[in-house]
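Trainee: Per this note's numbering, the sequence shown starts with residue 1135, numbered consecutively.
Here a beta-carbon is modelled for each residue, glycine too, at the ideal position from N, C-alpha and C.
What you are looking at is a predicted structure, and each value in this text was computed from that prediction instead of being measured.
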Amino acid sequence: MAERARLCALSVDLDEIRHYHAIHALTPATPAAEHAVYDRAVARFLDLASSERVPLTLFVVGSDLARPQNAALLRRAADGGHELGNHTLDHLYDLSRREPAEVERQIAAANDAIAAHTGRRPTGFRAPGYVVSDGVYRALEATGMAYSSSVFPCPAYYAAKAAVIGGLRALGRSSSSIVHHPGVLSAPTAPYRVGTPYYRRGTGLLELPIQVTPRLRLPVYGTVLSWLGPALAPRLLGGLVGRELINLELHGVDLLDRDDGLSELGKRQGDLRVPLERKWAVLAASIARLRQAGYSFVRLDEAAHHFASRS
Ligand SMILES: [Zn+2]
């Protein structure tokens, strides 16, 4: 019996600003702000990773690589030892409802784009908006992926998302966001192999669920850590100590604020009102807390390798 691991992985979904405009049914971002994730946030994450000596897993939307600056930045990140993961070609929020051929193309074409532009072929996948289906897992197996980190078994997140979508509908507007099957709320909260349906255990692809707290299954991701701040976020994380994997999911906007040309979006996206300095301090304090508890920081592909050999 192997000794219990203490691994922590920090992953960053590189959702560009236009996706937030789509969620909130807003008009397109201004030219100054539309590339804020790639032009500002990615460099900040790489600086943070370097000063804290942690590797990152960056989940990349394949179509963003058509912009040469983005491709060059990610190539540098990969050369620096960070992992590039697959966040689909176009970040379609309704991926799970598309035809099987389209689902497979969204995954395969993102792998091809990332490999062509950076020389690294992803082995890991994260679904847009955390919405997966049995069909998405079939496509992941068909395209040779080694793991997914998409399941978010969090009732509070589910309720909040359903409320936003319902609220927009009541206003006669439509969000591009959709909710997943409620069965996912009872999915395992630690690494598991998916069955059919995917939120039950089986012998399929390895899934590394997004982190939630024990019992209440409250969300433990970038937005929540930012809100809690550098004093409280480490206490929340302290409650997770003992878990073999702490899978912290962040977004590009977790190192952006209103001063990055995002004051309009900040009216809807509350976490943009948290100042950058505070967001940085939260992440540094969170890393320090887990390191103090004996956690090693790894890429998600390394974590997947560890858990695949045992399950
Ligand atoms: Zn995303």
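Tell me the rounded alpha-carbon separation between Ala1294 and Leu1371.
Mentor: Walking along the sequence shown from the start, residue 1294 turns up at place 160. Walking along the sequence shown from the start, residue 1371 turns up at place 237. Whole-angstrom Cα-Cα distance: 22 angstroms.
Trainee: Find the nearest neighbour of Glu1236 within the set Ala1273, Leu1218, Asp1268, judged by alpha-carbon distance.
Mentor: Here the question's residue 1236 lines up with position 102 in the sequence shown. Answer by Cα proximity: Ala1273.
Trainee: To the nearest whole angstrom, what separates the beta carbons of Ala1205 and Leu1223, a pair I think is in contact under 8 angstroms?
Mentor: In the sequence shown, the residue the question calls residue 1205 occupies position 71. In the sequence shown, the residue the question calls residue 1223 occupies position 89. Not quite, the Cβ-Cβ distance comes to about 14 angstroms (not below 8 angstroms), so this is no contact.
Trainee: Should Pro1262 go down as buried or exposed, given a rule of 16 or more other Cβ atoms within 10 Å for buried?
Mentor: As a first step, residue 1262 must be located in the sequence shown, where it is residue number 128. Classification of Pro1262: buried, given that the 10 Å Cβ count is 16 or more.
Trainee: Report the rounded CA-to-CA distance for Ala1156 versus Arg1138, giving the unit in angstroms.
Mentor: In the sequence shown, the residue the question calls residue 1156 occupies position 22. In the sequence shown, the residue the question calls residue 1138 occupies position 4. Answer to the nearest angstrom: the Cα atoms are 42 angstroms apart.
Trainee: If you compare alpha carbons, which of Ser1284, Leu1207, Ala1276, Ser1283 is closest to Ile1248?
Mentor: Your numbering for residue 1248 matches position 114 in the sequence shown. Among Ser1284, Leu1207, Ala1276, Ser1283, the Cα nearest to that of Ile1248 is on Leu1207.
Trainee: Applying the 10 Å Cβ sphere with the 16-neighbour rule, what's the burial state of Glu1275?
Mentor: Here residue 1275 corresponds to residue number 141 of the sequence shown, with the count starting at 1. Answer is exposed; the Cβ neighbour count stays below 16.
Trainee: Under 8 angstroms from any heavy atom of ligand 1, does the C-beta of Asp1405 make it?
Mentor: By one-based count along the sequence shown, residue 1405 stands at place 271. Flag unset: Cβ of Asp1405 not near ligand 1.
Trainee: Work out the CA separation of Ala1422 and Met1135 for me, nearest whole Å.
Mentor: Locating residue 1135 in the sequence shown gives position 1, where the first residue counts as 1. Locating residue 1422 in the sequence shown gives position 288, where the first residue counts as 1. Low confidence applies here, because Met1135 scores a pLDDT of 47, under 50, leaving its location unreliable; read the following figure in that light. C-alpha separation (whole angstroms): 29 angstroms.
Trainee: Enumerate in chain order the residues of its own chain whose CB-to-CB distance from Ala1321 is below 7 angstroms, with the five nearest sequence positions on each side excluded.
Mentor: Counting from one through the sequence shown, the residue named residue 1321 turns up at place 187. For Ala1321, where only same-chain residues beyond five positions count, the Cβ hits under 7 angstroms are Val1285, Pro1287, Tyr1333, Pro1343.
Trainee: CB of Val1195 to nearest heavy atom of ligand 1: below 8 angstroms?
Mentor: Walking along the sequence shown from the start, residue 1195 turns up at place 61. Val1195: yes, Cβ under 8 angstroms from ligand 1.
Trainee: Can you grab the Cα-Cα spacing for the pair Ser1308 / Leu1410, in whole Å?
Mentor: As a first step, residue 1308 must be located in the sequence shown, where it is residue number 174. As a first step, residue 1410 must be located in the sequence shown, where it is residue number 276. Approximately 30 angstroms, taken between the alpha carbons.
Trainee: Is it buried or exposed, Gly1278, if we count other Cβ atoms within 10 angstroms and call 16 or more buried?
Mentor: If you number the sequence shown from 1, residue 1278 lands on position 144. Under this definition Gly1278 is an exposed residue.
Trainee: Quick check: the Cα distance between Asp1147 and His1169, rounded to an integer number of angstroms?
Mentor: As a working mapping, residue 1147 is identified with position 13 in the sequence shown. As a working mapping, residue 1169 is identified with position 35 in the sequence shown. Cα-Cα distance, rounded: 14 angstroms.
Trainee: For ligand 1, any of its heavy atoms closer than 8 angstroms to the Cβ of Arg1260?
Mentor: One-based indexing of the sequence shown puts residue 1260 at position 126. Arg1260 Cβ: within cutoff of ligand 1.
Trainee: Arg1327 by DSSP, collapsed to three states: which one?
Mentor: Mapped onto the sequence shown, residue 1327 falls at position 193. In this structure, Arg1327 counts as strand in the three-state DSSP scheme.
Trainee: Please name the residue, chosen from His1439, Val1358, Val1171, Leu1218, that lies closest to Leu1192 on a Cα-to-Cα basis.
Mentor: One-based indexing of the sequence shown puts residue 1192 at position 58. Leu1192 has its Cα closest to that of Leu1218, out of His1439, Val1358, Val1171, Leu1218.
Trainee: Where in the segment 1374 to 1438 do unbroken runs of the beta strand (DSSP E), each at least 3 residues long, occur, reported from the N-terminal end onward?
Mentor: Qualifying beta strand (DSSP E) stretches, in chain order: 1379 to 1385.
Trainee: Using the three-state DSSP reduction, which class does Phe1193 fall into: helix, strand or coil?
Mentor: Sequence index remark: in the sequence shown, residue 1193 carries index 59 (1-based). Note: Phe1193 maps to strand in three-state DSSP.
Trainee: The alpha helix (DSSP H) spanning Glu1238 covers which residue range?
Mentor: For the purposes of this step, residue 1238 is taken as the residue at position 104 of the sequence shown. Note, Glu1238: alpha helix (DSSP H), 1234 to 1252.
Trainee: Cβ of Asp1388 within 8 angstroms of any heavy atom in ligand 1?
Mentor: If you number the sequence shown from 1, residue 1388 lands on position 254. The answer is no for Asp1388.
Trainee: What is the rounded straight-line gap between the Cα of Gln1203 and the Cα of Arg1349?
Mentor: For the purposes of this step, residue 1203 is taken as residue 69 along the sequence shown, with counting starting at 1. For the purposes of this step, residue 1349 is taken as residue 215 along the sequence shown, with counting starting at 1. So the alpha carbons of these two residues sit roughly 44 angstroms apart.
Trainee: Considering only their Cβ atoms, is the gap separating Thr1357 from Gly1373 smaller than 9 angstroms?
Mentor: The residue labelled residue 1373 in the question sits at position 239 within the sequence shown. The residue labelled residue 1357 in the question sits at position 223 within the sequence shown. Not in contact: Gly1373 and Thr1357 (Cβ atoms no closer than 9 angstroms).
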